[in-house]
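In the numbering used here, the protein residues as written are 1044 to 1154.
Shown next, in the form of C-alpha cells:
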C-alpha cells in the first residue's frame, strides 16, 4: 500500500552494504565514549594511584571526608597514621587520601 514493489526489491538486494552502514554509528559512539569517559577516568585513576603510593611521613594530606592532617607513620601499604590535632592520631586508608597539600621533609637516617 505505502511501499511500491520496486522499492521493496531494491532494499532486499542491497542488504550487505546496509549492515556496514548501520554499524558505523555504533563505532562512532564507542570512539566518542572512549575519549570523553574512559580515557579521562583512567588518567585520574593513574594519578591517584601515584599520589597514594608516594605518601610519606610529614606530608600534609586531605582525606575524602575532609580531614586535614599530617602523616606521622605509614602502617602498611594500605594504611597511614595521621595526626589531626595535638595528641589525636587516626588510621586512614591510603585510598581515602584525595590531596597532598605539603610534602614533608625526607626521613633522615636517624629517624
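Even for Gly, the Cβ is constructed at its ideal location relative to N, Cα and C.
Predicted, not measured: the structure shown is a model, and the values here were computed from it.
| Query | Result |
| --- | --- |
| DSSP state of residue 1089, grouped into three classes? | helix |
| Assuming residue 1080 is part of the beta strand (DSSP E), what are its boundary residues? | Taken as a continuous stretch (DSSP letters only), residue 1080 belongs to no beta strand (DSSP E), as it is neither H nor E. |
| Taking the C-alpha atoms as reference points, what is the distance between residue 1072 and residue 1082? | 14 Å |
| Just grab the DSSP bridge partners of residue 1146 for me. | According to DSSP, residue 1146 bridges with nothing at all. |
| If you run the structure through DSSP and keep just helix, strand and coil, what is residue 1136? | strand |
| For residue 1119, count neighbouring C-beta atoms within 10 Å of its own C-beta (all shown protein chains included) and say buried if the count is 16 or more, exposed if not. | exposed |
| Per DSSP, what kind of secondary structure is residue 1072 in: helix, strand or coil? | helix |
| Buried or exposed: which applies to residue 1092, given that a residue is buried once 16 or more other Cβ atoms fall within 10 Å of its Cβ? | exposed |
| Which class does residue 1117 belong to by DSSP, given the choice of helix, strand or coil? | strand |
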